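Please read the structure below before turning to the comments.
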Amino acid sequence: MTQKTALNILKTGANVFLTGEPGSGKTYVVNDYVDYLRRAGIETAITASTGIAATHIGGMTIHSWSGIGIKKKLTKYDLEKIATSEYLVKRIRRTKVLIIDEVSMISADTLTMVEAVCREVKGVSAPFGGLQVVLVGDFFQLPPIVDRQEPAPTDLFLELETIEQSTSHFSFSSPVWPRAGLIVCYLTEQHRQADRQFSAVLSAIRSETVGVLEQEIVASRLVTPNTVPTEATKLFSHNLNVDQINLDKLNKISGSVRIFTMKSEGREALVITLKKSCLSPERLELKIGARVMFTKNNQRLGFVNGTLGEVIGFAKLSGRPIVKTKDGRRIEVESMAWPVEENGRALAQISQLPLRLAWAITIHKSQGMSLDEAVMDLSQVFEFGQGYVALSRVRSLAGLHLLGWNQKAFAVHPQVLSIDRNFCQQSVVGEETFTKMPMVDLQKMQRNFILASGGQWPVKNEADEKSRPVINHQRIKKNKIDTLDETLALWRQDQTLKQIAQKRKLAESTIFSHLERLVLQNQLKPAELKRLPSPVLTKALPKIQTVFKELKTRNLLPVFEKMGGAYSYDDLRIARLLLED
1 MTQKTALNIL KTGANVFLTG EPGSGKTYVV NDYVDYLRRA GIETAITAST
51 GIAATHIGGM TIHSWSGIGI KKKLTKYDLE KIATSEYLVK RIRRTKVLII
101 DEVSMISADT LTMVEAVCRE VKGVSAPFGG LQVVLVGDFF QLPPIVDRQE
151 PAPTDLFLEL ETIEQSTSHF SFSSPVWPRA GLIVCYLTEQ HRQADRQFSA
201 VLSAIRSETV GVLEQEIVAS RLVTPNTVPT EATKLFSHNL NVDQINLDKL
251 NKISGSVRIF TMKSEGREAL VITLKKSCLS PERLELKIGA RVMFTKNNQR
301 LGFVNGTLGE VIGFAKLSGR PIVKTKDGRR IEVESMAWPV EENGRALAQI
351 SQLPLRLAWA ITIHKSQGMS LDEAVMDLSQ VFEFGQGYVA LSRVRSLAGL
401 HLLGWNQKAF AVHPQVLSID RNFCQQSVVG EETFTKMPMV DLQKMQRNFI
451 LASGGQWPVK NEADEKSRPV INHQRIKKNK IDTLDETLAL WRQDQTLKQI
501 AQKRKLAEST IFSHLERLVL QNQLKPAELK RLPSPVLTKA LPKIQTVFKE
551 LKTRNLLPVF EKMGGAYSYD DLRIARLLLE D
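Numbering (the numbering used here), first residue to last: 1 to 581.
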């Protein structure tokens with residue numbers, strides 16, 4: 001299926017499983033669809049299976065979004081507790097579209113729990129409570145890590161009816177998968193591996209048809225430890241101390257070291273999660289001659305997550321590192337942000353140079369990267385999909401340097417192999433159905449979905465979509481800054497929240513979110529917001545803020561519960577905003 005067809009299907013509001021080989025454009029389609037929904041004014045929850053995946057998309061983990069946390073099972077009691085959490089209820093009820101990235105790394109039981117939470121909170125019996133759900137991923141990638149140990153039975157657990165559990169750990173084995181009526185969009189275009197011969201090898205692994213020819217092609221890339229190219233990144237199958245390996249390599253380079261420290265702002269718990277998940281380290285040490293890898297995408301400057309290069313100097317004025325990439329481009333690398341956003345509002349963010357030392361990296365952390373060149377030893381591969389993930393990180397056969405392999409390197413999980421054939425067939429049926437549909441009927445479905453979700457039709461700037469090759473993240477960021485500046489200017493003209501909302505034709509809650517973000521970015525001081533609360537709330541502020549300090553939290557729920565619900569969440573939000581650190 002083409003990206004265009006998949007996007008048209010998504011716009012109808014259908015539940016979709018978006019899949020395809022690495023480099024087929026899954027992320028591109030998701031970005032396009034999210035941009036479309038935002039222009040339509042549709043509330044979208046962007047989530048992922050892991051912290052690393054979540055940092056790539058600027059969202060949060062599905063566990064955090066749904067409130068299930070680290071639970072392995074969900075009881076009726078757990079469901080009721082989640083359904084009485086005001087902030088979770090608000091979050092889920094205002095969401096119209098739920099996107100879950102890297103669904104291959106989510107267990108069947110996790111997906112079942114998330115679906116149950118959505119139904120319970122929405123109060124709708126339809127799958128996922130009537131949300132449009134978009135599952136994104138490739139089951140040939142690394143599978144979910146499942147704790148085989150069941151929780152010890154307790155009286156409480158045995159007395160309560162548990163949510164339906166699955167017998168398999170893959171999310172497609174969840175009972176909610178068929179109930180959701182997912183249309184499979186299996187992308188078939190290839191945008192990463194330009195090398196047809198190499199693409200054929202990867203496809204053979206996916207179909208379990210690796211023969212003599214494919215093995216000969218792979219064998220042609222064998223190297224010895226003495227002939228390994230020094231500039232290529234080494235992928236490790238086991239969780240070796242790659243940080244120590246990289247540091248040892250750095251220490252062997254003569255010259256002074258430059259240190260770049262990560263900055264953070266926002267909710268402490270989210271900041272901690274971001275730091276753990278970010279591929280760029282909290283403390284980045286660089287020298288001239290250091291081998292580095294970009295950890296973020298920037299289409300304007302021409303690098304992606306996985307682009308390799310070498311530090312060739314530091315800018316005289318800014319002190320920023322200058323990196324020469326494999327294709328000879330010189331890039332002065334600026335700090336970039338990894339935010340956690342909810343409905344356009346930044347809850348927390350970290351900022352660091354989008355770089356990491358690149359002599360070594362684990363296969364797990366390489367998932368989602370596109371590497372120019374890599375050295376790998378697949379003779380120690382120990383789980384299904386690990387070899388395929390490592391091989392598919394490289395853009396071409398010429399960039400592959402192989403120290404060895406075992407037969408497990410070409411092995412795929414038999415369950416995945418079987419279900420993938422079904423996915424391919426379902427995708428063909430879906431494509432035929434929608435491509436044969438009259439355009440007027442397709443547009444009617446898309447219009448009905450937008451209007452039913454409370455969005456604006458026609459969608460703003462929709463005509464520009466076809467001519468836009470990629471989402472310009474810099475432009476989007478600039479627009480966000482412009483809208484914040486406008487709110488800031490009006491606030492400093494002594495206009496009230498209501499007046500600003502009316503003048504800008506935005507909801508008061510949106511303007512309040514702007515103020516929160518301005519404080520987060522240190523453009524506004526809490527002292528400048530003293531006219532925000534009502535006279536009654538102003539008198540109560542010391543008492544409320546004392547509770548925030550006693551509990552050592554900036555989360556609203558613990559304060560709400562501690563004060564017995566005496567103050568609304570909106571009041572607590574204002575009190576938190578005025579809280580001096």
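In this text, a Cβ means the ideal position worked out from N, Cα and C, and glycines have one as well. Everything numeric in this text was worked out from a predicted model, so none of it was measured.
Query                                                                                                  : Result
DSSP beta-bridge partners of Pro281                                                                    : Answer by DSSP bridge pairing: none, since Pro281 is not bridged.
Buried or exposed by the 16-neighbour rule on C-beta atoms within 10 Å, applied to Met262              : buried
Buried or exposed by the 16-neighbour rule on C-beta atoms within 10 Å, applied to Ala566              : exposed
Own chain, CB closer than 6 Å to Leu135, minus 5 neighbours either side, in chain order                : Phe17, Ile100 and Val103
Close Cβ partners of Gly67 (< 7 Å) along its chain, the five nearest in sequence each way excluded     : Ile82, Ser85, Leu88 and Val117
Among Arg291, Ser264, Ile312 and Val340, the one whose alpha carbon lies nearest that of Gln352        : Ser264
Euclidean distance between Cα positions of Ile500 and Ile350                                           : 29 Å
Ordered list of alpha helix (DSSP H) runs contained in the segment 71–119, each at least 4 residues    : 76–83 and 86–94
Short Cβ contact (8 Å threshold) for Gly181 with Asn15                                                 : yes
Helix, strand or coil at His401 [DSSP, three-state]                                                    : strand
Pairwise C-alpha distance: Gly255 and Phe303                                                           : 27 Å
Leu222 in three-state terms, based on DSSP                                                             : strand
DSSP state of Val333 mapped onto helix, strand, coil                                                   : coil
Contained alpha helix (DSSP H) runs [length at least 4] in the segment 503–555, N- to C-terminal order : 508–520 and 535–551
Beta bridge counterpart(s) of Glu265 as assigned by DSSP                                               : Gln349
CA-to-CA distance, Leu250 to Val257, given in whole angstroms                                          : 9 Å
Buried or exposed (CB count within 10 angstroms, at least 16 for buried), Met612                       : Nothing can be reported for residue 612: it is not among the residues displayed for the chain, which extend from 1 to 581.
Meets three-Cβ-pair contact criterion under 8 Å: the segment 18–35 and the segment 432–450             : no
Nearest residue (CA-CA) to Val124, options Phe512, Asn461 and Ile92                                    : Ile92
Limits of the unbroken beta strand (DSSP E) element including Val133                                   : Gln132 to Val136
Residue span of the alpha helix (DSSP H) that contains Met369, given as start and end                  : No alpha helix (DSSP H) holds Met369; DSSP gives it neither H nor E.
Pairwise C-alpha distance: Arg554 and Ser534                                                           : 21 Å
Meets three-Cβ-pair contact criterion under 8 Å: the segment 228–236 and the segment 371–391           : yes
Boundaries of the beta strand (DSSP E) in which Thr209 is found, first to last residue                 : That residue, Thr209, is in no beta strand (DSSP E); it is neither H nor E in DSSP.
Unbroken alpha helix (DSSP H) run spanning Glu431, endpoints                                           : Pro414 to Thr435
Same chain, Cβ closer than 6 Å to Met293, five either side skipped, listed in chain order              : Leu308, Arg356 and Ala358
Ala360 - containing beta strand (DSSP E), residue span                                                 : Ala360 to Thr362
As assigned by DSSP and simplified to three states, the class of Trp338                                : strand
Leu506 beta carbon less than 8 Å from that of Leu515                                                   : no
Environment of Met105 [buried if 16+ CB atoms lie within 10 Å]                                         : buried
Inter-residue spacing [alpha-carbon to alpha-carbon] between Ser427 and Glu282                         : 42 Å
Three-pair Cβ contact test at 8 Å for the segment 316–334 versus the segment 386–397                   : no
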